[in-house]
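J.:
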Amino acid sequence: MKNTRNNSAFHQVYKYLQRISCKTLGLAPWEVSSKQEDLLNVSYVGAYYNVLLIFLLIVLGICELFSGSLSDDYPGKLMPLIMVEVLFITILCASVIPLLYIIRQKKLINIYNRFKFVDKLLQKCENHKLKYDYTNDVIFVINLLATIWCIIIVDVWNFPAHRVFFENLPTVIGGGVMIQYAMLLNMVENKFRSIDLIISKFSLAKSNDNYPQIFSVTQKVLTRESILYNIDNLKSTYIELYGMCHDAADFYGVPILITILCFAERVIYCVYLCILTLLKVKGFYVSWLVVILRLIWIVFVFLVFTSSVTTIKKQLLFFSNDLSHLEINLTACDILPLDRTLLGITTGTIAMYLVIAVQFGSSSISH
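Per the UniProt record's numbering, the sequence shown runs over residues 1 to 367.
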């Protein structure tokens, strides 16, 4: 039975808004098939848009690199030069993300399309009921509103538009990558919960002391065959979900690594200016509203992402006893773990570079 929510006007608007926002950031270069609902196909128009986006990012970075727009806001000659060069490198790294989506979009398309096959396998099982989870809706809406209001509108209110885009586009694109990956893992985790629910409803007919029931040999055979049939479908579903997680980890490895670097640069940049402002170093000031909103949004994205990775890792470990040959490492290019351990690693690294940056900034200004 088809879920009636999929036909609602709200759901259609939500899906359209989600696709538009992802396409704008270069994170969805594919198209939705007109023949089969929710199936994705490769789109050359989306690929051309991503090429245009990459070109605009590089041009914006080059223009800001030679314009010297930061030299009026910060004292000295060395400090503005270092800041603009770091931001330029960050925007160049961010431009690699849309390029990777062009080159490897077939892998991600295949992952999303395999959800249809997983649903068909689950529908073959008894006691399966399709339940919609609103977690991804809440995550997407909060991230969209935070990006539009906290990052763009408030920033444009305080700084020139070209500088806002130059400084924030890498983190906005990176935030989109993390949210997209987190939502994908949440979809997989939702399928695991459906499997848990089906298993919990498995039951063999039990004899009752007061009302004994006698089953014929045929009934026992049919019951056993039904259970074995369900187990076979669930095993196929497990293997499919493991394969999807493996392909997702392979696809998102480099984009997530770039995203972590972009977020680290943004956090160091914001906190660095805050520290120098609090130390009353001459020539340094910050808009506290802008900085606080930026940091809150970054913390939100990191918490959502690491929580999704941690949850799916628990699900994978839960079933690993029976499927020990299926091992998945949810890491960024086998360099950084992506569960909540990432929060500790990132915090420690940022703190170390902040100490170095503050000492360097203070000494360079005094000289």
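Cβ atoms here follow ideal geometry from the backbone N, Cα and C, with glycine treated the same way.
Nearest-angstrom Cα distance between H162 and S67?
T.: About 11 Å.
J.: So, at 8 Å on beta carbons, what are the nonlocal neighbours of D339 in its own chain, with the 5 sequence-adjacent residues on each side left out?
T.: For D339, where only same-chain residues beyond five positions count, the Cβ hits under 8 Å are T306, V309, T310, K313, L330.
J.: Roughly how many whole angstroms lie between the Cα atoms of F192 and I62?
T.: If you take the alpha carbons of F192 and I62, they lie about 47 Å apart.
J.: Among all the DSSP beta bridges, which residues are the ones paired with N41?
T.: DSSP output for N41 lists E31 as bridge partner(s).
J.: Nearest CA to the CA of F115: which residue from I199, N158, S194, M178?
T.: When each option's Cα is compared against that of F115, the closest is S194.
J.: Given a cut-off of 8 Å on the beta-carbon distance, is the pair L197 and V118 in contact?
T.: It is not a contact, given that the beta carbons lie outside the stated cut-off.
J.: Under three-state DSSP, which class holds L354?
T.: L354 falls in the helix class under three-state DSSP.
J.: Does DSSP classify P160 as helix, strand or coil?
T.: It is coil, neither helix nor strand.
J.: Residue range of the alpha helix (DSSP H) that I153 falls in?
T.: Where I153 is concerned, there is no enclosing alpha helix (DSSP H), given that its DSSP letter is neither H nor E.
J.: Provide the residue span of the alpha helix (DSSP H) that contains residue 370, from first to last.
T.: One cannot answer for residue 370 here, as it falls past the ends of the chain, which runs 1 to 367.
J.: Helix, strand or coil for L130 per DSSP?
T.: Reduced to three states, the DSSP call for L130 is coil.
J.: What distance in whole Å lies between the Cβ atoms of T171 and C22, which are believed to be in contact at a cut-off of 8 Å?
T.: Rounded, the Cβ-Cβ distance is 16 Å, inconsistent with contact.
J.: Taking the alpha-carbon positions, what's the L145 to P98 distance?
T.: Answer to the nearest angstrom: the Cα atoms are 22 Å apart.
J.: Would you mind sorting P29 into buried or exposed? The rule is 16 or more other CB atoms within 10 Å of its CB.
T.: When all chains shown are included, P29 counts as buried.
J.: From what residue to what residue does the alpha helix (DSSP H) around R294 run?
T.: 288 to 318 is the span of the alpha helix (DSSP H), which, as asked, contains R294.
J.: Residues in the same chain with beta-carbon distance under 7 Å from Q18, minus the five sequence neighbours each way, listed in chain order, please.
T.: F140, listed in sequence order.
J.: Name the residue from Q315, E265, F55 whose alpha carbon lies nearest to the alpha carbon of I89.
T.: Considering only alpha carbons, the answer is E265.
J.: Measure the CB-CB distance between K106 and D247 and report whether it falls below 8 Å.
T.: Not in contact: K106 and D247 (Cβ atoms no closer than 8 Å).
J.: Taking the C-alpha atoms as reference points, what is the distance between Y293 and D155?
T.: Looking at the sequence shown, residue 293 is not Tyr but Leu. One C-alpha to the other measures close to 10 Å.
J.: Pull up the DSSP beta-bridge partners for P337, would you.
T.: Answer by DSSP bridge pairing, in chain order: T331.
J.: Nearest by alpha-carbon distance to L234: which of K120, V138, D334 is it?
T.: It is K120.
J.: Look at the Cβ atom of I275, then the Cβ atom of L354, and state whether they are nearer than 8 Å.
T.: Yes, the pair counts as a contact, with Cβ atoms nearer than the cut-off.
J.: Please state whether DSSP places F125 in a helix, a strand or coil.
T.: Residue identity differs from the one stated: residue 125 is Cys in this sequence, not Phe. Reduced to three states, the DSSP call for C125 is coil.
J.: Report the option in V59, F166, P255, V42 whose CA atom is closest to the CA atom of S33.
T.: If we check each option's Cα against that of S33, V42 comes out closest.
J.: Would a C-beta distance cut-off of 8 Å place C125 and N230 closer than the cut-off?
T.: Result yes, Cβ atoms of C125 and N230 sit closer than 8 Å.
J.: Excluding the 5 residues flanking I54 on each side, which residues of the same chain have their C-beta closer than 8 Å to its C-beta?
T.: Answer for I54: G26, S95, P98, L99, listed in chain order.
J.: Just to confirm my understanding: we take T259, look at its own chain, exclude 5 residues before and 5 after, and list those with CB closer than 7 Å. What are they?
T.: Counting only Cβ-Cβ distances below 7 Å, and skipping sequence neighbours, we find G174, V177, M178.
J.: Relative to the C-alpha of L65, which residue among L185, P160, I91, F302 is closest?
T.: The shortest Cα separation from L65 among L185, P160, I91, F302 belongs to I91.
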